[in-house]
Amino acid sequence: GMHVIVHPDHLEELIALYETRGHPTELIKMLEQGCGLDGAHAGIFTELGVLYSKYMSEKLMEHIKIFWSRMNIPKLLRACEKARLWDEAVFLFKEDEQHDSAVKMMIDHSTSFKHELFLDCCQKVRNTEVLYMAITFYVEQQPKELNRLLQVLTPNLDHPRVVHLLRKSESTALAMQYLRDVQKENAPAVNEALNDLYIEEEDFASLRASIDDYDHFDQIVLAQKVEKHELLEFRRIAAYLFKKNKRFPQSIELSKGDKMYKDAIDTAAESGDPELVETLLRFFVEEQKDKECFCATLYTCYTLVQPDVALELAWRYGMIDFVMPFVIQYVRHTHDKLRVLEERTAPKKEDAAEEDHMNQAVAGMMGYGEGGPLMLTNGPGMGGVPPPGMDMYMQMQQQMGGMPAPGMQPGMQ
Numbered sequence: 001g002m003h004v005i006v007h008p009d010h011l012e013e014l015i016a017l018y019e020t021r022g023h024p025t026e027l028i029k030m031l032e033q034g035c036g037l038d039g040a041h042a043g044i045f046t047e048l049g050v051l052y053s054k055y056m057s058e059k060l061m062e063h064i065k066i067f068w069s070r071m072n073i074p075k076l077l078r079a080c081e082k083a084r085l086w087d088e089a090v091f092l093f094k095e096d097e098q099h100d101s102a103v104k105m106m107i108d109h110s111t112s113f114k115h116e117l118f119l120d121c122c123q124k125v126r127n128t129e130v131l132y133m134a135i136t137f138y139v140e141q142q143p144k145e146l147n148r149l150l151q152v153l154t155p156n157l158d159h160p161r162v163v164h165l166l167r168k169s170e171s172t173a174l175a176m177q178y179l180r181d182v183q184k185e186n187a188p189a190v191n192e193a194l195n196d197l198y199i200e201e202e203d204f205a206s207l208r209a210s211i212d213d214y215d216h217f218d219q220i221v222l223a224q225k226v227e228k229h230e231l232l233e234f235r236r237i238a239a240y241l242f243k244k245n246k247r248f249p250q251s252i253e254l255s256k257g258d259k260m261y262k263d264a265i266d267t268a269a270e271s272g273d274p275e276l277v278e279t280l281l282r283f284f285v286e287e288q289k290d291k292e293c294f295c296a297t298l299y300t301c302y303t304l305v306q307p308d309v310a311l312e313l314a315w316r317y318g319m320i321d322f323v324m325p326f327v328i329q330y331v332r333h334t335h336d337k338l339r340v341l342e343e344r345t346a347p348k349k350e351d352a353a354e355e356d357h358m359n360q361a362v363a364g365m366m367g368y369g370e371g372g373p374l375m376l377t378n379g380p381g382m383g384g385v386p387p388p389g390m391d392m393y394m395q396m397q398q399q400m401g402g403m404p405a406p407g408m409q410p411g412m413q
């Protein structure tokens, strides 16, 4: 037999003969010896592996670990599957770089599953559909290791699809760490899944942080979901979301209902709507009789409050002392405005100086300047020389249709 097994064409006939005669043990020993021959070929290693799968399965794993590169792997794989030797089949798939098949084998036959081996194969699969099969498998069979799997596969996953898969199996809570890790991409599906988890766990602090940092989700739907929550902080988040989306009346009404008056005042100030501010003022004085909130609204919403409304409400409901800070501020503000207007409309110093200069020039032309002779005592026709500018003055008077004053007519005796 040792001389026959080195010839591939006769090996199968020899094996069939030994098996039909009922001597598999002798056949295995002969092939084991043949593995050390110089003329040993792939057929010897492969057929020995097939025989191990049939008669001595405990030796097969060691055999394929040593000689897998010298075997006909497809043939030995068929033998392993026929003998239900899944661990050996997975090993052969991995060494043959058939990672997709290795993963599917571990999914279909969980007795062959090994966590680290599974993760290693998943990172090398060609068909991404296998990844989602792996996620489903972990949800059902290895839920404690789900986050580890998702972290390893993150670069190759479509996160909205993963969220859909997790929601379908009602297992989003198992993948919370993964969802937090990928939330930086600000995907709506991920944001909504995490927000729902925070609501379910009543973690209002994390929900508020998520809303502030990642705003790509349906904010109105979330606000409507928590506006009737039994916890106050979640109702405050609903009011906050309404405010962010410019639904100021809804936000204010929600805050008023929870007596969160500071939130209501801040929302009214941010709205920029004088009517909303007036409505809130009337609510504080007419319904709540709350002097402090009335005063706080006047201060916070100062630019939106009509002074006559503030004074009227304070006078009618006995809150004059609480409106006085607003009145004082308003008077000061008005005074500053008027002062600025006066400064803008007042004549400039340069214009005043120029006007004084012109007046002095005219006075000099008419002889009214310092040291100038009086025109009445030194007029023309009185034997004197007309003062400087007199001729020009007479011409101006004639052009204006006027007559020279008495005593200033030329030639007057």
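Going by full-length UniProt numbering, the residue at position 120 of the sequence shown is 120; the numbering climbs one at a time, nothing skipped. No residue lacks a Cβ here, since even glycine has one placed at the ideal position from N, Cα and C.
Using the Cβ count rule (16 or more neighbours within 10 Å means buried), how would you classify residue 226? Position 226 of the sequence shown, counting from 1, holds the residue named residue 226. By the neighbour-count rule (16 or more Cβ atoms within 10 Å), residue 226 is buried.
If you run the structure through DSSP and keep just helix, strand and coil, what is residue 376? The residue you call residue 376 lines up with position 376 of the sequence shown. Confidence in residue 376 is poor, its pLDDT being 45 and thus under 50, which makes the residue's placement unreliable; the coordinate value appears in the next sentence. Three-state result, residue 376: coil.
Excluding five sequence neighbours on each side, which residues of the same chain lie with their C-beta closer than 8 Å to the C-beta of residue 54? Counting from 1 along the sequence shown, the entry for residue 54 is found at position 54. In chain order, 24, 79 and 83 place their CB closer than 8 Å to the CB of residue 54, counting only its own chain and leaving out the 5 sequence neighbours on each side.
Give the range of the alpha helix (DSSP H) segment to which residue 282 is assigned. Translated into the one-based positions of the sequence shown, residue 282 becomes position 282. Segment 274 to 282, the alpha helix (DSSP H) holding residue 282.
Apply the 10 Å Cβ neighbour rule to residue 69 and answer buried if 16 or more other Cβ atoms are within range, or exposed otherwise. Stepping through the sequence shown from its first residue, residue 69 is reached at position 69. Flag for residue 69 reads exposed.
Is it the case that the Cβ atoms of residue 242 and residue 264 are separated by a distance below 8 Å? Mapped onto the sequence shown, residue 242 falls at position 242. Mapped onto the sequence shown, residue 264 falls at position 264. Taking 8 Å as the Cβ cut-off, residue 242 and residue 264 do not qualify as a contacting pair.
Could you name the residues of the same chain whose beta carbon sits closer than 8 Å to that of residue 47, not counting the 5 residues immediately before and after it, in chain order? As a position in the sequence shown, residue 47 is number 47, starting the count at 1. 11, 12, 15 and 31.
Rounded to whole angstroms, what's the CA-CA distance from residue 268 to residue 261? Just pull it up for me. Numbered from its first residue, the sequence shown carries residue 268 at position 268. Numbered from its first residue, the sequence shown carries residue 261 at position 261. Linking residue 268 to residue 261 through their CA atoms gives a straight-line distance of about 10 Å.
Segment contact, 8 Å Cβ cut-off, at least three pairs: the region 166 to 174 with the region 138 to 147: yes
With a Cβ-Cβ cutoff of 8 Å, do residue 276 and residue 307 count as a contact? As a position in the sequence shown, residue 276 is number 276, starting the count at 1. As a position in the sequence shown, residue 307 is number 307, starting the count at 1. In this structure, residue 307 does not lie closer than 8 Å to residue 276 by Cβ.
Less than 8 Å between C-beta atoms, sequence neighbours within five positions excluded: which residues of the same chain meet that for residue 377? Along the sequence shown, one-based indexing puts residue 377 at 377. Bear in mind that the predicted position of residue 377 carries a pLDDT of just 46, short of 50, making it unreliable; the figure below should be weighed with that in mind. The answer is none, since no qualifying residue turns up.
Whose C-beta lies closer than 6 Å to the C-beta of residue 325 among residues of the same chain, with five residues either side of it excluded? Residue 325 sits at position 325 when you count from the first residue of the sequence shown. Nothing meets the Cβ criterion.
Assuming residue 121 and residue 144 are in contact, meaning their beta carbons sit under 8 Å apart, how far apart are those beta carbons, in whole angstroms? To locate residue 121, count along the sequence shown from 1; it is residue 121. To locate residue 144, count along the sequence shown from 1; it is residue 144. Contact doesn't hold; Cβ gap of about 20 Å is too wide.
Let's test the definition: count the other Cβ atoms within 10 Å of the Cβ of residue 103 and tell me whether it reaches 16, buried, or not, exposed. Within the sequence shown, numbered from 1, the residue matching residue 103 stands at position 103. Looking at its Cβ environment, which holds 16 or more other Cβ atoms inside 10 Å, residue 103 is buried.
Same chain, Cβ closer than 6 Å to residue 204, neighbours up to 5 away in sequence not counted: Mapped onto the sequence shown, residue 204 falls at position 204. So the qualifying residues of the chain are 233 and 234.
Candidates 316, 285 and 329: closest to residue 299 by CA position: Residue mapping note: residue 299 aligns to position 299 of the sequence shown, counting from 1. Nearest option by C-alpha distance: 329.
Rounded to a whole number of angstroms, what is the C-alpha to C-alpha distance between residue 66 and residue 207? The residue you call residue 66 lines up with position 66 of the sequence shown. The residue you call residue 207 lines up with position 207 of the sequence shown. So the alpha carbons of these two residues sit roughly 55 Å apart.
If you draw a straight line from the C-alpha of residue 35 to the C-alpha of residue 18, how long is it? Counted from its first residue, the sequence shown places residue 35 at position 35. Counted from its first residue, the sequence shown places residue 18 at position 18. Taking the straight line from one Cα to the other gives about 18 Å.
When burial is assigned at 16 or more other CB atoms within 10 Å of the CB, is residue 303 buried or exposed? As a first step, residue 303 is located in the sequence shown; it is residue number 303 there, counting from the start. Answer is exposed; the Cβ neighbour count stays below 16.
Secondary structure at residue 381, three-state DSSP: helix, strand or coil? Reading the sequence shown from its first residue, position 381 is the one you call residue 381. Any reading at residue 381 must be qualified, since the residue scores a pLDDT of 44, below 50, and its modelled position is unreliable; the value itself is stated next. Reduced to three states, the DSSP call for residue 381 is coil.
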